[in-house]
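I have placed the structure first, in the form of structure tokens, so that the comments after it can refer back to it.
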């Protein structure tokens with residue numbers, strides 16, 4: 005075993021930012037690769053709002069240092085009179 009120069013046992017070393025990843029209740033992490041129906045409208049930074057009851061595909065979920073989930077989804081967006089599938093990144097899970 006190596007000597008610990010810090011004067012306290014290493015098992016007592018505590019990082020609060022690490023605890024966020026263990027104490028949070030993931031909302032979308034377990035839905036990656038699945039469809040999800042939006043219960044409420046989701047406004048986008050572009051000015052477009054995805055209507056409630058729209059089926060979207062959960063592509064990825066990332067976790068910020070504060071424990072917030074940011075969701076990347078694929079949604080149908082109306083552009084120029086046509087519906088297209090568009091990837092939208094970093095939507096806070098609290099907005100979905």
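Residue numbers (our numbering): 5 to 100.
We treat Cβ as the ideally placed atom computed from N, Cα and C, and that holds for glycine.
Which residue comes first and which comes last in the beta strand (DSSP E) that contains residue 44?
As a working mapping, residue 44 is identified with position 40 in the chain shown. Per DSSP, residue 44 belongs to no beta strand (DSSP E) and is neither H nor E.
Pull up the DSSP beta-bridge partners for residue 74, would you.
Position 70 of the chain shown, counted from the first residue, corresponds to residue 74. According to DSSP, which records beta bridges pairwise, residue 74 is partnered with 66 and 96.
Use the C-beta contact count for residue 82: other C-beta atoms within 10 angstroms, 16 or more gives buried, fewer gives exposed.
Working through the chain shown from its first residue, we reach residue 82 at position 78. Under this definition residue 82 is an exposed residue.
Are residue 62 and residue 32 close, meaning C-beta to C-beta below 8 angstroms?
On the chain shown, position 58 is the one that residue 62 refers to. On the chain shown, position 28 is the one that residue 32 refers to. A contact, by the Cβ cut-off of 8 angstroms.
7 angstroms CB neighbourhood of residue 25 in its chain, flanking five on each side removed:
Along the chain shown, read from residue 1 onward, the residue named residue 25 stands at position 21. Confidence at residue 25 is low in this model, with a pLDDT of 47, below 50, so its placement is unreliable and the value that follows should be read with caution. If we look at residue 25 and ignore the five residues flanking it on each side, its Cβ neighbours are 67 and 71.
From the DSSP output, read off the bridge partner residues of residue 79.
Residue numbering aside, residue 79 sits at position 75 when the chain shown is read from its first letter. Paired residue(s): 90.
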